[in-house]
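K.L.:
These protein sequence lines are chains A and B, in that order.
My numbering puts the first residue of the first sequence at 1, with every later residue one more than the last.
My numbering puts the first residue of the second sequence at 1001, with every later residue one more than the last.
Every residue gets a Cβ at the ideal spot worked out from N, C-alpha and C, and that includes glycine.
There are 2 protein chains.
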Amino acid sequence: MTILQSASILRVVNEALDSTERLLAASGLARASAALTSSLPEQISTRLSERIVAGSYKPGQRVMEQALAAEFAVSRGPIREALRMLERDGLVTILPRRGAIVTDPSIAEVKEIFDVRAMLNGLRDRLLAEDPQRATVLAVLEPEVARLTRFARDAKKGREYVEAVWTINRLLTEACPNTRLKKILDSFARQTLRYSQLGLSTPQRRRESVQHWQQLVEAIRRGDGAAAERIARERVTDSRDGAIKALQQAARPEAVPKMPKSA
Amino acid sequence: MTILQSASILRVVNEALDSTERLLAASGLARASAALTSSLPEQISTRLSERIVAGSYKPGQRVMEQALAAEFAVSRGPIREALRMLERDGLVTILPRRGAIVTDPSIAEVKEIFDVRAMLNGLRDRLLAEDPQRATVLAVLEPEVARLTRFARDAKKGREYVEAVWTINRLLTEACPNTRLKKILDSFARQTLRYSQLGLSTPQRRRESVQHWQQLVEAIRRGDGAAAERIARERVTDSRDGAIKALQQAARPEAVPKMPKSA
DNA sequence: CTTTGTAGGATTGTCAACAATCTTGTATCC
DNA sequence: GGATACAAGATTGTTGACAATCCTACAAAG
Chain A
1 MTILQSASIL RVVNEALDST ERLLAASGLA RASAALTSSL PEQISTRLSE RIVAGSYKPG
61 QRVMEQALAA EFAVSRGPIR EALRMLERDG LVTILPRRGA IVTDPSIAEV KEIFDVRAML
121 NGLRDRLLAE DPQRATVLAV LEPEVARLTR FARDAKKGRE YVEAVWTINR LLTEACPNTR
181 LKKILDSFAR QTLRYSQLGL STPQRRRESV QHWQQLVEAI RRGDGAAAER IARERVTDSR
241 DGAIKALQQA ARPEAVPKMP KSA
Chain B
1001 MTILQSASIL RVVNEALDST ERLLAASGLA RASAALTSSL PEQISTRLSE RIVAGSYKPG
1061 QRVMEQALAA EFAVSRGPIR EALRMLERDG LVTILPRRGA IVTDPSIAEV KEIFDVRAML
1121 NGLRDRLLAE DPQRATVLAV LEPEVARLTR FARDAKKGRE YVEAVWTINR LLTEACPNTR
1181 LKKILDSFAR QTLRYSQLGL STPQRRRESV QHWQQLVEAI RRGDGAAAER IARERVTDSR
1241 DGAIKALQQA ARPEAVPKMP KSA
């Protein structure tokens, strides 16, 4: 509800994410889905998702087929498919006979996304901890967590820290032995990027975060699936609370623009 | 892998499900998504999913756009969209430039689906237990679980039992306060129906199942989220093991039809 | 001054045809 | 005899145009 009229919680998020586009490019998420498969709809979907995550398409904004078709020099067919893909990933909302608009989630909905993510990441990390072949993943995972430790100490390295967390998450999802879960996580990855960084703003939070990651690696190494799941869930839940707090503080200034009866 | 050549584990499943079509019609899953929205692709997708779940479309079978377009007296456009929806729900697999085939999951993949479902149902039931307004759901839930108890005693009422379980699951998902989770669960519902009934074949299993449901209702009533989650996960995990066992036994007779060099 | 009805433009939903690619069957060569 | 190359048919990917619906602005009535 209130998709069109809401106060655009994500606008304030996007203003804080000037480096998101770079991050997306470096993440490999784009290349993994677009370059390998030369599918036209997928390429378009990827490019559009970059714009939404980076904030050049504002929440609530309409996304019209004809305009995109003209811009990408392509028919409306592939555009339609791309928009359905984005809808599946929760980046746009398609209203029947009225087209697509960039999703503008309420704080409650952001919380919902984190809750689901906590479960999915919990399962992912548990399965990984119980995987006999987990050593190969740990080999690339551990140096990355070490990098994290370095960035956490330095208060200035906020961007690097976020990128490192993103990379770790990508490695873990990539290694997930459950293909169905992997699909869902991939679908979540895009929208996750929209606000996952929000909770890591303070050095305090980052120190806690790095501890969680270290504990997680430890749990995976000793094959303790239950612990891995618990830690992963705690981590995402903490991240959720940080993000919610940041969103609530950010949303407060724009107080109650409800029915501006007269200017 | 081995999508086209596999021994069609689900064929044996489908043979056991002569009443699935009726179940689907009674479930409201069809009506909920098809009748309300007069969207042509959605209607088609629903009808196709019924055929796949009921088994009139065999696993591995190709599903071609032109044929469906002719049958439904519609262009290929809506058919394409319907097939993408089915792909999203895991009922068909779309190979680029080669079209769609009915998904033919391996036993390992069925296990994967159950694992994800265990997590999602766990979250769903925990959220419901922590929902202050859960009383209204419990009011309709409890008589349904009571029905379950009756069917569990009678060894003949296998079909009724399965239908009742399905109804309960639908009620719980419907009441889920997390809209994002609800979407994913809806997407899982169709493919779940394909083999969820497999684990409930023996009266022994059914008695255990009914106990789980009673405990779950109890946990929800007293607002014990952690317990509700634990019970839900156990329930799905048990169901998983039952289904896997049934699949393995069913698959054994058709032993190794590998390279039939000569007839 | 507000509300309701209506006409125009804009946008999505659907269709049928064209282009690109894949599969299958056949003939040829080693 | 078996493998490979080629050609014909079949099928998906894409396109541009038409139909149905929705939004906006304006006018008229209360």
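Using a Cβ-Cβ cutoff of less than 7 Å, which residues in the same chain neighbour isoleucine 231 of chain A once the five nearest sequence positions on both sides are dropped?
P.N.:
His212, Gln215, Leu216, Ala219
K.L.:
According to DSSP, is alanine 155 of chain A helix, strand or coil?
P.N.:
coil
K.L.:
Out of curiosity, what's the CA-to-CA distance linking threonine 173 of chain A and leucine 123 of chain A?
P.N.:
11 Å
K.L.:
Within 7 Å: the Cβ of leucine 95 of chain A and any heavy atom of the ligand COA?
P.N.:
This structure lacks the ligand COA, and indeed carries no ligand of any kind.
K.L.:
Of the residues A:Ala73, A:Arg222, A:Lys58, which one's Cα is nearest the Cα of proline 132 of chain A?
P.N.:
A:Arg222
K.L.:
Pull up the DSSP beta-bridge partners for valine 63 of chain A, would you.
P.N.:
A:Ala100
K.L.:
Return the bridge partner residues of isoleucine 220 of chain A from the DSSP annotation.
P.N.:
For isoleucine 220 of chain A, which the question treats as bridged, DSSP gives no partner whatsoever.
K.L.:
Which term fits arginine 1022 of chain B, buried or exposed, when burial requires 16 or more other beta carbons within 10 angstroms of its beta carbon?
P.N.:
Low per-residue confidence applies at arginine 1022 of chain B: pLDDT is 47, beneath 50, and the placement is therefore not dependable enough to give any value.
K.L.:
Closer than 7 Å by beta-carbon distance: list the chain B residues that pair up with serine 39 of chain A, in chain order.
P.N.:
Pro1096
K.L.:
Can you name, in chain order, every residue of its own chain whose Cβ lies under 8 Å from the Cβ of aspartate 224 of chain A, other than the five neighbours on each side?
P.N.:
Ala129
K.L.:
Count Cβ pairs between the segment 101-117 of chain A and the segment 1172-1190 of chain B that sit closer than 8 Å; are there 3 or more?
P.N.:
yes
K.L.:
Please state if the CB of leucine 1086 of chain B and the CB of serine 1039 of chain B are separated by a distance shorter than 8 Å.
P.N.:
no
K.L.:
DSSP has isoleucine 94 of chain A in a bridge; who is on the other side?
P.N.:
A:Ala100
K.L.:
Would you grab the beta carbon distance between glutamine 1204 of chain B and isoleucine 1107 of chain B for me? Rounded to a whole angstrom, and I think it's under 8 Å.
P.N.:
Contact doesn't hold; Cβ gap of about 22 Å is too wide.
K.L.:
Which class does serine 1056 of chain B belong to by DSSP, given the choice of helix, strand or coil?
P.N.:
Serine 1056 of chain B sits in coil when the DSSP states are folded into three classes, being neither helix nor strand.
K.L.:
Please name the residue, chosen from B:Pro1078, B:Asn1178, B:Ala1082, B:Arg1134, that lies closest to asparagine 1121 of chain B on a Cα-to-Cα basis.
P.N.:
B:Asn1178
K.L.:
If we count the other Cβ atoms within 10 Å of its Cβ and call it buried at 16 or more, is serine 75 of chain A buried or exposed?
P.N.:
exposed
K.L.:
Please say whether arginine 1098 of chain B and alanine 1228 of chain B have beta carbons closer to each other than 8 Å?
P.N.:
no
K.L.:
Looking at chain B, which residues of the segment 111-122 of chain A have a Cβ within less than 9 Å of any of its Cβ atoms?
P.N.:
Lys111, Glu112, Ile113, Asp115, Val116, Ala118, Met119, Leu120, Gly122
K.L.:
Given a threshold of 16 other Cβ atoms within 10 Å of its Cβ, counted over all protein chains shown, does proline 143 of chain A qualify as buried or as exposed?
P.N.:
exposed
K.L.:
I'd like to know whether the C-beta of leucine 169 of chain A is nearer than 8 Å to at least one C-beta of chain B.
P.N.:
As written in the sequence, residue 169 of chain A is asparagine, which differs from the leucine given in the question. Closer than 8 Å: no.
K.L.:
Taking all protein chains shown into account, do 16 or more other C-beta atoms lie within 10 angstroms of the C-beta of glutamine 191 of chain A, making it buried, or fewer, making it exposed?
P.N.:
Buried, since its Cβ has 16 or more Cβ neighbours within 10 Å.
K.L.:
Select from the segment 1168-1189 of chain B all residues with a C-beta closer than 8 Å to any C-beta belonging to chain A, and list them in chain order.
P.N.:
Asn1178, Thr1179, Arg1180, Leu1181, Ile1184
K.L.:
Reducing DSSP to helix, strand and coil, say where glutamate 130 of chain A ends up.
P.N.:
coil
K.L.:
Identify every run of the alpha helix (DSSP H) within the segment 1165-1198 of chain B, keeping only runs that are complete inside it and at least 4 residues long; order them along the chain.
P.N.:
The qualifying runs are 1179-1193.
K.L.:
Would you say arginine 221 of chain A reaches chain B, if we count a Cβ-Cβ gap shorter than 8 Å as a contact?
P.N.:
It does not: the Cβ of arginine 221 of chain A has no partner Cβ on chain B nearer than 8 Å.
K.L.:
Where valine 63 of chain A and leucine 95 of chain A are concerned, what is the direct C-alpha to C-alpha distance, given to the nearest angstrom?
P.N.:
11 Å
K.L.:
Answer yes or no: does any C-beta atom of chain A fall closer than 8 Å to that of arginine 1088 of chain B?
P.N.:
Interface residue, yes.
K.L.:
In angstroms with no decimal places, state the Cα-to-Cα distance between alanine 54 of chain A and glycine 90 of chain A.
P.N.:
15 Å
K.L.:
Measure from the C-beta of glutamate 1109 of chain B to each C-beta in chain A and report whether the shortest distance is under 8 Å.
P.N.:
yes
K.L.:
Taking CB distances under 8 Å as the criterion, tell me whether arginine 1076 of chain B reaches chain A.
P.N.:
no
K.L.:
Consider the Cβ of arginine 1084 of chain B: report whether some Cβ of chain A lies at a distance smaller than 8 Å.
P.N.:
yes
K.L.:
Less than 8 Å between the C-beta atoms of valine 102 of chain A and isoleucine 52 of chain A, yes or no?
P.N.:
yes
K.L.:
Terminal residues of the continuous alpha helix (DSSP H) containing threonine 202 of chain A?
P.N.:
Segment: none, threonine 202 of chain A is in no alpha helix (DSSP H) and carries neither H nor E.
K.L.:
Let me confirm a value: glutamine 1066 of chain B is counted as buried when at least 16 other C-beta atoms fall within 10 Å, else exposed. Which label applies?
P.N.:
That one is exposed.
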